[in-house]
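Student:
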């Protein structure tokens, strides 16, 4: 029985090697298709604008006092490298979806399913475009596991070391998440939705971003 098990393992390893030779490494990578965000449809922008305006009206009626500057930056998105822009927008959309996942405004998520679905899809499209290098202090710590056939064919995004400029902003974002109230994070996310969309377009345009 042990000999049979070893033979099966050897066969699987040989099969895996043969398949890897047959399909180039790049072929297994997830396609990073962001071209649809070059120009956003007016209908999409209108729905997002409606959601933003409705929230602003609700906020004016409340006593909410916020001085959140999460989205404040002294540099332009176009100054970042293309991989940095992708990581920037992914982090922004993470914050937006997290903040709007439990909205303080009654019925906000229910009434605005379509724009929220659009933002969630944009975040999903960004995933896998760039992978943070393990050398980065912001890289996730992954458990050590033995490589298997699943790992051999898993989509691999290009490794990237974020710039100091982006790392500083990501750190500021994490600090804000810990210190700010849910209501203020929600307000900041919604009030800066069009900035996030502009950053998304810049990431999609790559080197052509003005």
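Numbering (mature numbering (1 follows the signal peptide of the UniProt record, and there is no 0)), first residue to last: -22 to -1, 1 to 188. Built from N, CA and C at the ideal position, the CB exists for glycine as well.
Alpha carbon to alpha carbon, how far is residue 12 from residue 155? Give it in angstroms, no decimals.
Tutor: Translated into the one-based positions of the chain shown, residue 155 becomes position 177. Translated into the one-based positions of the chain shown, residue 12 becomes position 34. Using only the alpha carbons, I get a separation of about 28 Å.
Student: Closest by CA to residue 22, which one among 171, 180, 184?
Tutor: Along the chain shown, one-based indexing puts residue 22 at 44. The candidate whose alpha carbon is nearest that of residue 22 is 171.
Student: Take residue 146 and list the residues in its own chain whose beta-carbon comes closer than 6 Å to its own, dropping the five residues that flank it on each side.
Tutor: Start at 1 with the first residue of the chain shown, and residue 146 comes out as number 168. Excluding residues within five positions, none has a Cβ falling inside 6 Å.
Student: What separation, rounded to the nearest whole angstrom, lies between the Cα atoms of residue 54 and residue 169?
Tutor: Within the chain shown, numbered from 1, the residue matching residue 54 stands at position 76. Within the chain shown, numbered from 1, the residue matching residue 169 stands at position 191. Between residue 54 and residue 169, the C-alpha separation is close to 18 Å.
Student: For residue 118, count neighbouring C-beta atoms within 10 Å of its own C-beta (all shown protein chains included) and say buried if the count is 16 or more, exposed if not.
Tutor: Within the chain shown, numbered from 1, the residue matching residue 118 stands at position 140. Low confidence applies to residue 118: its pLDDT is 42, below 50, so where it sits in the model is not reliable enough to give any reading.
Student: Does the beta-carbon distance from residue 56 to residue 164 come in below 7 Å?
Tutor: What you label residue 56 is simply residue 78 of the chain shown in a count that begins at 1. What you label residue 164 is simply residue 186 of the chain shown in a count that begins at 1. No.
Student: Starting from residue 109, follow its DSSP beta bridges and name the residues at the other end.
Tutor: Against the chain shown, residue 109 aligns to sequence position 131. Residue 109 is bridged to 137.
Student: Distance, Cα to Cα, residue 66 vs residue 151?
Tutor: Position 88 of the chain shown, counted from the start, is the residue given in the question as residue 66. Position 173 of the chain shown, counted from the start, is the residue given in the question as residue 151. Between residue 66 and residue 151, the C-alpha separation is close to 11 Å.
Student: How would you call residue 33, buried or exposed, if buried means at least 16 neighbouring beta carbons within 10 angstroms?
Tutor: Here the question's residue 33 lines up with position 55 in the chain shown. The residue is buried, with at least 16 neighbouring Cβ atoms inside 10 Å.
Student: Going by alpha carbons, who is nearest to residue 49 out of 104, 167, 29, 183?
Tutor: Numbered from 1 along the chain shown, position 71 holds the residue referred to as residue 49. Measuring from the Cα of residue 49, the nearest candidate turns out to be 167.
Student: Can you give me the C-alpha to C-alpha distance between residue 141 and residue 181, rounded to a whole angstrom?
Tutor: The residue given as residue 141 occupies position 163 in the chain shown. The residue given as residue 181 occupies position 203 in the chain shown. Their backbone Cα atoms lie some 15 Å apart in a straight line.
Student: How is the alpha helix (DSSP H) around residue 46 delimited, first residue to last?
Tutor: Taking the first residue of the chain shown as 1, we reach residue 46 at position 68. Where residue 46 is concerned, there is no enclosing alpha helix (DSSP H), given that its DSSP letter is neither H nor E.
Student: For residue 176, which three-state DSSP category applies?
Tutor: Position 198 of the chain shown holds residue 176. DSSP places residue 176 in helix when its eight states are reduced to three.
Student: Compute the distance between the beta-carbons of residue 104 and residue 68, then report whether it is under 7 Å.
Tutor: Here the question's residue 104 lines up with position 126 in the chain shown. Here the question's residue 68 lines up with position 90 in the chain shown. In this structure, residue 68 lies closer than 7 Å to residue 104 by Cβ.
Student: Which residue marks the beginning of the alpha helix (DSSP H) containing residue 11, and which one marks its end?
Tutor: Residue numbering aside, residue 11 sits at position 33 when the chain shown is read from its first letter. No alpha helix (DSSP H) contains residue 11, which DSSP labels as neither H nor E.
Student: Measuring alpha carbon to alpha carbon, tell me which of 175, 187, 14, 188 ends up nearest residue 27.
Tutor: Taking the first residue of the chain shown as position 1, residue 27 is located at position 49. Checking every option, the nearest Cα to that of residue 27 belongs to 175.
Student: Below 8 Å on the Cβ atoms is my guess for residue 71 versus residue 101; work out the distance and round it to an integer in Å.
Tutor: By one-based count along the chain shown, residue 71 stands at place 93. By one-based count along the chain shown, residue 101 stands at place 123. That belief holds up - the Cβ atoms of residue 71 and residue 101 are roughly 4 Å apart, short of 8 Å.
Student: Between which two residues does the alpha helix (DSSP H) harbouring residue 30 extend?
Tutor: To locate residue 30, count along the chain shown from 1; it is residue 52. Looking at the DSSP string, the run of the alpha helix (DSSP H) that includes residue 30 is 20 to 38.
Student: How about residue 153 and residue 108: do their beta carbons lie closer than 7 Å?
Tutor: Position 175 of the chain shown, counted from the start, is the residue given in the question as residue 153. Position 130 of the chain shown, counted from the start, is the residue given in the question as residue 108. Contact: no.
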